[in-house]
Each structure stands twice: as C-alpha cells, then as structure tokens.
Amino acid sequence: MNGTVQISEAALASLIGLTAHEIPGVVGMAPANLKEGLQRVLGRAQARDGVVITREGGQTRADIYVVVAYGVNIPTVARNVAERVEHTVKAQAGIELSTTRIHAVGVRHV
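Residue numbers (this note's numbering): 3 to 112.
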C-alpha cells in the first residue's frame, strides 16, 4: 500500500478518552476547558472533550482531565491511565506520545 495515514486530533482524543474510561478508579472525564467546572462529568460519548492533544515539532503530547472515585490512590490511578493510554495509542494508532499528563480535577463518590 502506498500513501500515508493521517489520524486527526479528534480521533486520537477519542481513543485516549475511551481508554482512560476503562481504568479502574476513573469515574469519567472532565471538560478540558474547565470553565464548566465539575458540574458535568463527561460520559463515554463525550470522552474526547476531556483530552487536549498538542502536536509540535513532530512530537505529540496528551493532557487528560479525569474525575476519580473517592477512596482510590490517585497517583496509582494516574499512572495506570498514562501507561494504558501510551500503550494503546502506540498499538492502535502507531503514535508515540512524548508526554502524557494526567490531571485529576475532581473526586466523586460512586
């Protein structure tokens, strides 16, 4: 096959958001713009709205905004999200993330 495959930022953000949703301890995603505050925890359908992709100089960075369950070890959940996201993005999209930052912006009882 000749040619290239381009993966849009929206598609990449969806892949990352859906992957983050699968991690135990993650209740949902939070809106990345945070102007909405935490009134809204994003469901799976809006998962990409909790992800910001930045592409500069051939590198791709992901900022992921999550709401975690009350009582979980937040650093462990964040590490699990980062590891799974990095693995999934490389395996399914062929993209190596240069930086993956997890922002735990809220805690919810579930």
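Built from N, CA and C at the ideal position, the CB exists for glycine as well. Bear in mind that the values here come from a model prediction, so they are computed numbers and not experimental data.
Leaving out five residues on either side along the sequence, give the residues of the same chain with a beta carbon under 7 Å from the beta carbon of residue i.
i	result
T62	I55, I97, L99 and S100
T2	Since the first residue shown for the chain is 3 and the last is 112, residue 2 is missing from the structure and cannot be characterised.
If I measure Cβ to Cβ from residue i and keep anything under 6 Å in the same chain, skipping five residues before and after, which residues do I get?
i	result
I104	I66, A80, V83 and A84
V74	G27
Assign residue i to one of three DSSP states: helix, strand, or coil.
i	result
S10	coil
Given this structure, state the Cα-to-Cα distance separating residue i from residue j, to the nearest angstrom.
i	j	result
T78	N4	42 Å
R110	V7	39 Å
I18	I9	13 Å
E58	G52	20 Å
V29	A71	6 Å
G60	E88	16 Å
K92	L14	11 Å
V112	Q94	31 Å
I76	T102	16 Å
Tell me which same chain residues have a C-beta within less than 8 Å of the C-beta of residue i, skipping the five on either side of it?
i	result
H23	G30, M31, R46 and A49
R86	T21, A22, E24 and I25
E11	I55 and R57
A34	D51, G52, V53, V54, D65 and Y67
Ranges of the beta strand (DSSP E) found wholly within the stretch 17-92, counting only runs of at least 3:
28-31, 53-58 and 61-71
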